Amino acid sequence: MYAEVVVDIPSESAKGLFHYSIPADLQGQVKVGSAVLVPFGPREITGYVVGFTETPDVAHVKDIRALRGDTALSDQMMALATWIKEYYTCSLGEAIAQMFPASVRRGRARVKTESLVELAISQDEAKTLIASMERRAPRQSQALKIILEKGPVMPRRRLNKAPGSTPGAVRALIQKGILNEMQREVLRSPIKKIPRTRRPVPVLTPEQETAVTTIVDSLDQAWPKPFLLHGVTASGKTEVYMRVIEAVLARGKSAIVLVPEISLTPQMTREFCERFGRDVAVLHSKLSPGERYDEWRRAERGDAKIVVGARSAVFAPVRDLGLIVVDEEHENSYKQEESPRYHARDVACERARISKAGCILGSATPSVESYYKALHGEYTLLRLPHRVGMWEMPTVEVIDMREELTKGNRSMFSRSLSEAISDRLARGEQMILFLNRRGYSTFVLCRECGHSMRCPECDVALTYHAAGSNIRCHYCDYEEPVPSVCPNCGGRYIRYFGAGTQKIEGAVNKLFPHARTVRMDTDTTRRKGAHEIIVNKFQRGDYDILIGTQMVAKGLDFPNVTLVGVISADTCLNLPDYKAGERTFQLLTQVAGRAGRGEKGGHVIVQTYSPEHYAIELGKAHDYGGFYKEEVACRGEGLYPPFSRLILVVVSGKSLPVVERYSTALVRTLRRQIGSLRQWKSIKILGPAPCALARVKGMHRWQILLKADPRMKPCDHNKLISDMLKACPSPSYDIMVQVDVDPESML
Ligand SMILES: [Zn+2]
Ligand SMILES: [Zn+2]
Numbered sequence: 009m010y011a012e013v014v015v016d017i018p019s020e021s022a023k024g025l026f027h028y029s030i031p032a033d034l035q036g037q038v039k040v041g042s043a044v045l046v047p048f049g050p051r052e053i054t055g056y057v058v059g060f061t062e063t064p065d066v067a068h069v070k071d072i073r074a075l076r077g078d079t080a081l082s083d084q085m086m087a088l089a090t091w092i093k094e095y096y097t098c099s100l101g102e103a104i105a106q107m108f109p110a111s112v113r114r115g116r117a118r119v120k121t122e123s124l125v126e127l128a129i130s131q132d133e134a135k136t137l138i139a140s141m142e143r144r145a146p147r148q149s150q151a152l153k154i155i156l157e158k159g160p161v162m163p164r165r166r167l168n169k170a171p172g173s174t175p176g177a178v179r180a181l182i183q184k185g186i187l188n189e190m191q192r193e194v195l196r197s198p199i200k201k202i203p204r205t206r207r208p209v210p211v212l213t214p215e216q217e218t219a220v221t222t223i224v225d226s227l228d229q230a231w232p233k234p235f236l237l238h239g240v241t242a243s244g245k246t247e248v249y250m251r252v253i254e255a256v257l258a259r260g261k262s263a264i265v266l267v268p269e270i271s272l273t274p275q276m277t278r279e280f281c282e283r284f285g286r287d288v289a290v291l292h293s294k295l296s297p298g299e300r301y302d303e304w305r306r307a308e309r310g311d312a313k314i315v316v317g318a319r320s321a322v323f324a325p326v327r328d329l330g331l332i333v334v335d336e337e338h339e340n341s342y343k344q345e346e347s348p349r350y351h352a353r354d355v356a357c358e359r360a361r362i363s364k365a366g367c368i369l370g371s372a373t374p375s376v377e378s379y380y381k382a383l384h385g386e387y388t389l390l391r392l393p394h395r396v397g398m399w400e401m402p403t404v405e406v407i408d409m410r411e412e413l414t415k416g417n418r419s420m421f422s423r424s425l426s427e428a429i430s431d432r433l434a435r436g437e438q439m440i441l442f443l444n445r446r447g448y449s450t451f452v453l454c455r456e457c458g459h460s461m462r463c464p465e466c467d468v469a470l471t472y473h474a475a476g477s478n479i480r481c482h483y484c485d486y487e488e489p490v491p492s493v494c495p496n497c498g499g500r501y502i503r504y505f506g507a508g509t510q511k512i513e514g515a516v517n518k519l520f521p522h523a524r525t526v527r528m529d530t531d532t533t534r535r536k537g538a539h540e541i542i543v544n545k546f547q548r549g550d551y552d553i554l555i556g557t558q559m560v561a562k563g564l565d566f567p568n569v570t571l572v573g574v575i576s577a578d579t580c581l582n583l584p585d586y587k588a589g590e591r592t593f594q595l596l597t598q599v600a601g602r603a604g605r606g607e608k609g610g611h612v613i614v615q616t617y618s619p620e621h622y623a624i625e626l627g628k629a630h631d632y633g634g635f636y637k638e639e640v641a642c643r644g645e646g647l648y649p650p651f652s653r654l655i656l657v658v659v660s661g662k663s664l665p666v667v668e669r670y671s672t673a674l675v676r677t678l679r680r681q682i683g684s685l686r687q688w689k690s691i692k693i694l695g696p697a698p699c700a701l702a703r704v705k706g707m708h709r710w711q712i713l714l715k716a717d718p719r720m721k722p723c724d725h726n727k728l729i730s731d732m733l734k735a736c737p738s739p740s741y742d743i744m745v746q747v748d749v750d751p752e753s754m755l
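In the working numbering, each number is its position in the sequence shown, counted from 1, plus 8.
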């Protein structure tokens, strides 16, 4: 028998099956789903066994060199990998590779061990020796005495350091055969010792009770439908997850809880560990490779029945999966931005379906796609419309920055916001100032009337490209010159927009020299643990003002925060993206959720040039239902998801003319293919056009956007794309083509 192996190499020619023979010493150990080391061209790389055959397709079949780890993926995981390959149009090797920790893929997985020593002689013999050695070798005698008292087995390191003993003495005892040395595996655990508390579990509200019962009842059905748990901020979604997990554990099954990377705070981990103790394993990108490997293996062996983790934990190798929770399902960090470009929420739903497990998608602001599915019966909708406890939703005040300008205030703080800041400073309360992630200064906005330049066809913000004096739509390539006066009001204050967190911190320090400020953004949190340090210090009251990007809006709980300021809601509203409205609404809701988590209540100030935009008006009113209605109508008009499945093809390369020519050729090929086959008639092609981020690291980027029928089978869109690439191969070595199905961001 020969093994059929796939490899994880992003090249068209490496997409197929490769045959290898199995050496005698690996017979019986190589299984479907095993990771193996194989010779591949001049190198040796990791491949994955996907099947066996009796007839190899090459004359000289090479041997598999070694096994990478002793774990083979289950049939269910192999089925999931096949789905990912089809849906996201990647190779099977790329899909399977996601399911192993990096240390296994790279052959660097090591089990950490420690040395133990054990008495190799009887206790009586030991006692005699202790007495006889007391003079000649007092240290050995002492070491022996210690192990006799505390043993019979103890870590060698501890015996080395015990009073009166020395490493030399212990070594001598081992050499003489008085002590035995052996190795024991030590787990590298990222969870510091958290006591399992006996803190009483909270009493459920009737709403929580209904949600828990409905979900638990469904667990015993053959095909449970995913649940969309729509609960306002602080409505106690986590408690619902935990109660359902208890029911899952009681059935002898396991659970996976996905949370966005940035909200995977020690607070969150702590909550789960306090409730479930050593049943919890944690997986996220800040772990060391060793910790990651050990946590992964604890799940794989069934030692940890609950895995809490970020995106990639959707592939955690738990046994008997009973439930997957996707908390904050609308979060775009669930989307992997490199191949395979999977969305963990959708992979979670598929994995749950394959495993016949339950699935809960939780959010205060569900994505329009998920809410649409819930209203149309694909998911079951559950609601938690009230906050737990007596806390009111914070009041939201929207400041019209156009009026500020008319009244002569050109600074980035409105009068309301600066008054509120000095007021909180005087009272010793804390506040958060919030700015959308990066300062995109690529959109053009009139500061007098708030008018922003948008594409007449696609209704997304036009982006300014430094290369010319034009603004362009990066969906359809519509283009117009940058206006010098506002086309709406004739005003002259028409500007590129955006400011970074650093700039805001500078302005705060200038205005309030005595305020203690701290910044939390990708710059200040790059180092391991930096995020936690800032959070802890802020929580302790070391700072008055936390200034941050979106990561401050997630999951954190600061009871002393009574003011949240959004410096500019427009940076989010004017992202050149059809999801800009949804992102803005989510942002306002999440940010407001940070305020008023204590007795003092909370106040939110939102500064904007477009106070009348529905995302801002309805965000202010905490009205998700109203927002959904407006947003879904817009999506329908523009044929955006959920009314289409978007497939984004990005071509990048060093030479702009080559990128442009190749993109155009791809579109021509696509049109020909679509014209010839009826089932593809419903596809719309936009572009080619420069991407909003038209140049990244010296590479020019162009894009083609396909709007396909959302009911199209994955194998159909997969075939369309691979046929296109076959018919129109890349003209040059440095040209890259990325295919992104359901893109989360189109920058
Ligand atoms: Zn204007
Ligand atoms: Zn357009």
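No residue lacks a Cβ here, since even glycine has one placed at the ideal position from N, Cα and C.
This one's a predicted model, so the numbers in the text were calculated from it and none came from an experiment.
Beta carbon proximity, residue i to chain C, threshold 8 Å
i	result
S197	Going by chain labels, chain C is absent from the structure shown, which holds only one protein chain.
Residue i - containing alpha helix (DSSP H), residue span
i	result
M85	83-95
D578	578-581
G298	297-309
Q681	664-684
Q106	Careful: Q106 lies outside any alpha helix (DSSP H) and carries neither H nor E.
Y249	245-258
E540	538-548
Y483	That residue, Y483, is in no alpha helix (DSSP H); it is neither H nor E in DSSP.
G176	175-183
F593	588-602
Selected residue, minimal CA-CA separation from residue i, among the options
i	options	result
C463	C484, S477, L443, C457	C484
T221	L195, L674, G239, Y249	Y249
E412	M276, T403, S426, A321	S426
I575	E405, G633, E540, S684	E405
V288	E299, L295, E303	E303
L128	Y622, L443, M190	In the sequence as displayed, the identity of residue 128 is Ala instead of Leu. The shortest Cα separation from A128 among Y622, L443, M190 belongs to M190.
E215	S422, A263, G397, S430	G397
L654	K628, R669, K692	K692
R395	Y472, A515, P374, L212	L212
R327	L389, R259, P374	R259
R410	C454, E668, C367, V161	C454
Y486	H338, E102, C699	C699
V749	K715, R144, I743, D731	K715
R196	S296, A177, R113	S296
L392	Q131, R76, T509, G244	G244
G695	S684, L701, S671, K705	S671
Cβ pair residue i, residue j closer than 8 Å
i	j	result
I502	P491	yes
L152	A180	no
V267	D354	no
S111	Y301	yes
V38	V46	no
V66	H27	yes
Residues near residue i by beta carbon distance below 6 Å, same chain, minus five either side
i	result
V745	V659
G589	A623, E639
M461	V452, L470, I479
E142	S149
D16	G101, E102, A105
Cβ-based neighbour list, residue i, same chain, cut-off 7 Å, excluding 5 preceding and 5 following
i	result
R446	Because the pLDDT at R446 is just 49, under 50, the model does not fix this residue reliably, and the value given afterwards should be weighed accordingly. Counting only Cβ-Cβ distances below 7 Å, and skipping sequence neighbours, we find nothing.
F593	T373, A623, L626, G627, F635
G646	C466, D467, Y586
L167	V125, A151, I154, I155, S173, V178
Enclosing beta strand (DSSP E) for residue i [first to last residue]
i	result
M707	707-716
V452	452-454
L236	235-239
A263	262-266
Own chain partners of residue i with C-beta closer than 8 Å, once the 5 adjacent residues on each side are dropped
i	result
F651	R643, G644, P718
Heavy atom of ligand 4 within 7 Å of residue i beta-carbon
i	result
E645	Within the structure as shown, ligand 4 is missing, the only ligands being ligand 1 and ligand 2.
Check: At which residue ranges does the region 370-429 contain complete alpha helix (DSSP H) runs of 4 or more residues, listed in the order of the chain?
Finding: 376-383, 409-414
Item checked: Secondary structure, beta strand (DSSP E): runs of 3+ residues fully inside the region 14-84 -> 26-29, 42-48, 51-61, 74-80
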